[in-house]
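S.K.:
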Ligand SMILES: NC(=[NH2+])NCCC[C@H](N)C(=O)O
């Protein structure tokens, strides 16, 4: 395995906003000029791909499926670590059929050696993948969102499957329905997060694990631009068009912000992070991150 980060993306040919399962989704706004929106989505997708490649990533681009427009958000397809994946179990019937489709995509990747194991969620668990289970390479655990799409049973299933600690965070706002919309650990140990998306317990948990000088609080404006939903590779952070103050604050913390116009996908409530699924993460390596010595028991 090389150190090059590898991401799964799904081609946007079948992307549209045709139902509403979160407050961002505006099927009417999409339909008002569907053809223009489709063209804009293609351009956004190409710009995101270019930005990730220029940050050093290799991309695996899978085909989408007509009638499953949200497959363009593969972060929700499953949780990946050490070449093993546990598939999502979607909360909404609109997305339920993605599970089988993503299984096939992962099975193809397994045939090419990118995965050694594909597992399913147990009965009763709901879990929407890397959108709600974010690996923190510096701290060595999963931050686990629950309370909107994923449930606690799903969060614990992720922890059991990988034999890794999970740190649950309850999400309290329907607009920030996946953890990745309001929480983003960065390579230098910083965490960019939007406090209003969490309850008091969740904030206390974040504060317990993240030292004050490593906390970067997103403003309402940052969160509304879906900028917390960002892809961090080394020192680069790729995100939707961002308020200047956020770019400046991340710059002061040592990050190089790359902005992409993702407005067609924001019409569906998604942005940079959820349009990707990182495939190469291992417990002990993180390209660009400060090196940590892991003591093995
Ligand atoms: N991880 C994410 N934030 N994904 C965005 C998903 C957007 C999609 N329309 C949904 O509501 O499920």
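Residue numbers (the numbering used here): 3 to 299. Where a beta carbon is used, it is the ideal one built from N, C-alpha and C, also for glycine. All values derive from a computational prediction rather than experimental measurement.
Spell out the partners DSSP gives residue 91 in its beta bridges.
M.R.: Against the chain shown, residue 91 aligns to sequence position 89. For residue 91, which the question treats as bridged, DSSP gives the partners 129.
S.K.: If contacts are defined as beta-carbon pairs under 8 Å, then residue 83 and residue 136 qualify, I think. What distance do you get, rounded to the angstrom?
M.R.: Start at 1 with the first residue of the chain shown, and residue 83 comes out as number 81. Start at 1 with the first residue of the chain shown, and residue 136 comes out as number 134. Actually they do not touch by this definition, with Cβ atoms about 11 Å apart.
S.K.: From residue 92 to residue 129, what distance separates their C-alpha atoms?
M.R.: By 1-based counting over the chain shown, the position of residue 92 is 90. By 1-based counting over the chain shown, the position of residue 129 is 127. Rounded to whole angstroms, residue 92 to residue 129 spans 6 Å at the Cα level.
S.K.: Under 8 Å by Cβ, that's how I've got residue 12 and residue 32 pegged, so tell me the actual separation to the nearest angstrom.
M.R.: Start at 1 with the first residue of the chain shown, and residue 12 comes out as number 10. Start at 1 with the first residue of the chain shown, and residue 32 comes out as number 30. Not a contact, Cβ separation roughly 18 Å.
S.K.: Could you tell me the alpha carbon to alpha carbon distance between residue 37 and residue 228, rounded to whole angstroms?
M.R.: On the chain shown, position 35 is the one that residue 37 refers to. On the chain shown, position 226 is the one that residue 228 refers to. Answer to the nearest angstrom: the Cα atoms are 24 Å apart.
S.K.: Using a threshold of 7 Å, state whether the C-beta atoms of residue 124 and residue 159 are closer than that.
M.R.: As a working note, residue 124 is residue 122 in the chain shown. As a working note, residue 159 is residue 157 in the chain shown. Yes, the pair counts as a contact, with Cβ atoms nearer than the cut-off.
S.K.: So residue 249 is in the alpha helix (DSSP H); what residue range does that whole segment cover?
M.R.: Stepping through the chain shown from its first residue, residue 249 is reached at position 247. Residues 246-254.
S.K.: Go ahead and pull the three-state DSSP assignment for residue 148.
M.R.: By 1-based counting over the chain shown, the position of residue 148 is 146. Here residue 148 sits in strand by DSSP.
S.K.: Give, in chain order, every unbroken run of the alpha helix (DSSP H) that is at least 4 residues long and sits entirely within the stretch 203-288.
M.R.: Taking only runs of at least 4 residues, the alpha helix (DSSP H) segments lying wholly in the stretch 203-288 are 222-226, 246-254 and 265-268.
S.K.: Who are the near neighbours of residue 257 in its chain, counting only those whose CB is closer than 6 Å to its CB and skipping five residues on each side?
M.R.: Translated into positions along the chain shown, residue 257 becomes position 255. Hits under 6 Å: 237 and 239.
S.K.: At what residues does the beta strand (DSSP E) containing residue 62 begin and finish?
M.R.: Counting from 1 along the chain shown, the entry for residue 62 is found at position 60. That run of the beta strand (DSSP E) goes 60-64.
S.K.: Go through the stretch 20-78 residue by residue and report every complete run of the beta strand (DSSP E) that reaches 3 residues or more, in order.
M.R.: As far as the stretch 20-78 is concerned, its whole beta strand (DSSP E) runs of at least 3 residues are 60-64.
S.K.: Excluding the 5 residues flanking residue 101 on each side, which residues of the same chain have their C-beta closer than 7 Å to its C-beta?
M.R.: Sequence index remark: in the chain shown, residue 101 carries index 99 (1-based). Closer than 7 Å at Cβ, skipping near neighbours: 89, 90, 91 and 92.
S.K.: Using a Cβ distance threshold of 8 Å, determine whether the stretch 72-83 contacts the stretch 271-278, with at least three qualifying pairs required.
M.R.: Contact holds: three or more Cβ-Cβ distances are below 8 Å.
S.K.: When we look at the beta-carbon of residue 63 and count the other beta-carbons within 10 Å, is it buried (16 or more) or exposed?
M.R.: Numbered from 1 along the chain shown, position 61 holds the residue referred to as residue 63. Burial call: exposed.
S.K.: Could you check the C-alpha separation between residue 292 and residue 285 for me, to the nearest Å?
M.R.: For the purposes of this step, residue 292 is identified with residue 290 of the chain shown, where counting begins at 1. For the purposes of this step, residue 285 is identified with residue 283 of the chain shown, where counting begins at 1. Note that residue 292 has pLDDT 42, beneath the 50 cutoff, so the model's placement of it is unreliable and the number below is only indicative. Each residue's Cα considered, the two are about 14 Å apart.
S.K.: Just to confirm, are residue 262 and residue 49 a CB contact at a threshold of 7 Å?
M.R.: For this step, residue 262 is matched to residue 260 along the chain shown. For this step, residue 49 is matched to residue 47 along the chain shown. Yes, they are a contact pair.
S.K.: Where does residue 18 sit, in a helix, a strand or coil, going by DSSP?
M.R.: Within the chain shown, the letter at position 16 stands for residue 18. Reduced to three states, the DSSP call for residue 18 is coil.
S.K.: By DSSP's criteria, residue 186 is part of a beta bridge. Which residues make up the other side?
M.R.: Here residue 186 corresponds to residue number 184 of the chain shown, with the count starting at 1. According to DSSP, residue 186 bridges with 194.
S.K.: With the cut-off set at 7 Å, would you say residue 242 and residue 264 are in Cβ contact?
M.R.: Counting from 1 along the chain shown, the entry for residue 242 is found at position 240. Counting from 1 along the chain shown, the entry for residue 264 is found at position 262. Against a cut-off of 7 Å, the Cβ pair of residue 264 and residue 242 comes out as a contact.
S.K.: Have a look at residue 212 and residue 246 and give me their C-alpha separation to the nearest angstrom.
M.R.: Along the chain shown, read from residue 1 onward, the residue named residue 212 stands at position 210. Along the chain shown, read from residue 1 onward, the residue named residue 246 stands at position 244. About 25 Å.
S.K.: Would residue 249 and residue 196 be called neighbours here (beta carbons separated by less than 7 Å)?
M.R.: Within the chain shown, numbered from 1, the residue matching residue 249 stands at position 247. Within the chain shown, numbered from 1, the residue matching residue 196 stands at position 194. Going by C-beta atoms, residue 249 is not nearer than 7 Å to residue 196.
S.K.: What does DSSP give as the partner residues of residue 86 in its beta bridges?
M.R.: Numbered from its first residue, the chain shown carries residue 86 at position 84. Answer is 83 and 119.
S.K.: What whole-angstrom Cβ distance do residue 9 and residue 70 have, given they're in contact under 8 Å?
M.R.: Residue 9 sits at position 7 when you count from the first residue of the chain shown. Residue 70 sits at position 68 when you count from the first residue of the chain shown. Wrong, their Cβ atoms sit about 20 Å apart, outside the cutoff.
S.K.: Could you check whether the Cβ of residue 64 sits closer than 6 Å to any heavy atom belonging to ligand 1?
M.R.: Taking the chain shown and counting its residues from 1, the one referred to as residue 64 is at position 62. Incorrect: residue 64 has no Cβ contact closer than 6 Å to ligand 1.
S.K.: Do residue 271 and residue 27 have their C-beta atoms within less than 7 Å of each other?
M.R.: For the purposes of this step, residue 271 is taken as residue 269 along the chain shown, with counting starting at 1. For the purposes of this step, residue 27 is taken as residue 25 along the chain shown, with counting starting at 1. Yes, Cβ-Cβ distance for residue 271 and residue 27 is below 7 Å.
S.K.: Is it right to say residue 260 is buried, meaning 16 or more other beta carbons lie within 10 angstroms of its own, or is it exposed?
M.R.: Here the question's residue 260 lines up with position 258 in the chain shown. Buried, since its Cβ has 16 or more Cβ neighbours within 10 Å.
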